[in-house]
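Novice: Below is the structure I would like to discuss, written out as structure tokens.
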């Protein structure tokens with residue numbers, strides 16, 4: 003943990019960790035045979051999450067050469083229209099090498115052995131904004147890419163670190179994390195202080211002042 007803190011400031015490390023637990027990936031650019039391991043972080047979200055991608059860009063701006071870009075992601079046959087997504091990637095850096103070691107076994111993403119140390123409340127909310135859903139009856143976190151052992155660890159960590167009881171739920175042929183209605187309030191206390199306004203729809207009983215705060219920040223930025 004100390005080594006990573008020396009490579010990235012805490013606000014960036016939280017975004018990186020939460021993103022890697024979620025939808026982002028590290029693309030290894032050097033495997034370390036002749037040169038140190040280097041990698042770049044790629045973030046890719048749908049059109050609905052455009053503001054979220056730009057929020058991540060602002061947090062990681064000094065690590066990125068170009069801002070978020072919009073690309074055609076497919077074609078909706080039913081609606082007869084193209085659909086788009088947004089992506090960005092960082093520069094290729096040796097600083098991402100240790101993270102690649104923690105999060106990957108070959109090409110497979112795994113839960114790091116030291117995830118308890120890395121999973122701060124801010125990292126948790128980034129993970130939830132990436133992969134969380136509010137079903138109206140529960141929260142779910144789409145942890146399908148992780149093994150059953152890793153998912154059992156996630157359940158334990160949520161309980162021990164945040165006091166939130168969760169279960170592993172079967173989802174077709176894979177599994178994901180479920181946080182039941184009785185745990186809403188406990189989980190909200192973890193994520194609500196850090197969730198961004200454009201992702202407010204993902205939480206239950208969101209604070210009414212989040213949108214107002216966002217508007218005030220935007221007006222202040224314009225005034226400056």
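In my numbering, the protein residues as written are 3 to 226.
The C-beta atom is built at its ideal place from N, Cα and C for all residues, glycine as well.
Computed from a prediction, not measured in an experiment: that's the story for all the values here.
Output the residue ranges of the beta strand (DSSP E) runs that lie fully inside the stretch 123-168 and measure 3 residues or longer, sorted by chain position.
Specialist: If we require 3 residues or more, the beta strand (DSSP E) runs fully inside the stretch 123-168 come out as 134-136 and 140-143.
Novice: Do you know offhand how far residue 68's Cα is from residue 121's?
Specialist: Computed Cα separation, rounded: 28 Å.
Novice: Check whether the stretch 56-70 and the stretch 91-100 touch, using three or more Cβ-Cβ pairs below 8 Å as the test.
Specialist: Yes, since at least three Cβ pairs between the stretch 56-70 and the stretch 91-100 fall closer than 8 Å, the two stretches touch.
Novice: Taking only the alpha-carbon atoms, compute the straight-line gap between residue 158 and residue 150 and give it to the nearest angstrom.
Specialist: If you take the alpha carbons of residue 158 and residue 150, they lie about 12 Å apart.
Novice: Use the C-beta contact count for residue 211: other C-beta atoms within 10 angstroms, 16 or more gives buried, fewer gives exposed.
Specialist: Here residue 211 scores only 44 on pLDDT, less than 50, and its place in the model should not be relied on; the value that follows carries that caveat. Residue 211 is exposed by the Cβ-count criterion.
Novice: Among 25, 40 and 23, whose alpha-carbon lies nearest the alpha-carbon of residue 31?
Specialist: Minimum Cα distance to residue 31 is reached at 40.
Novice: Got a sec? Which residues, its chain only, sit under 6 Å from residue 223 by beta carbon, not counting five neighbours each side?
Specialist: Below a pLDDT of 50, predicted positions are generally treated as unreliable, and residue 223, at 32, falls in that range; the measurement from the model is reported next regardless. So the list is empty, once near-sequence residues are dropped.
Novice: Could you name the residues of the same chain whose beta carbon sits closer than 6 Å to that of residue 185, not counting the 5 residues immediately before and after it, in chain order?
Specialist: Here the set comprises 166 and 167.
Novice: In the DSSP assignment, what are the bridge partners of residue 173?
Specialist: Per DSSP, 176.
Novice: Look at the alpha carbon of residue 175 and the alpha carbon of residue 143, and state the distance between them as a whole number of angstroms.
Specialist: Their Cα atoms are separated by approximately 16 Å.
Novice: Jot down the residue ranges of each uninterrupted alpha helix (DSSP H) in the stretch 17-97, minimum 4 residues, whole runs only, in chain order.
Specialist: DSSP runs (the alpha helix (DSSP H)) wholly in the stretch 17-97: 52-62.
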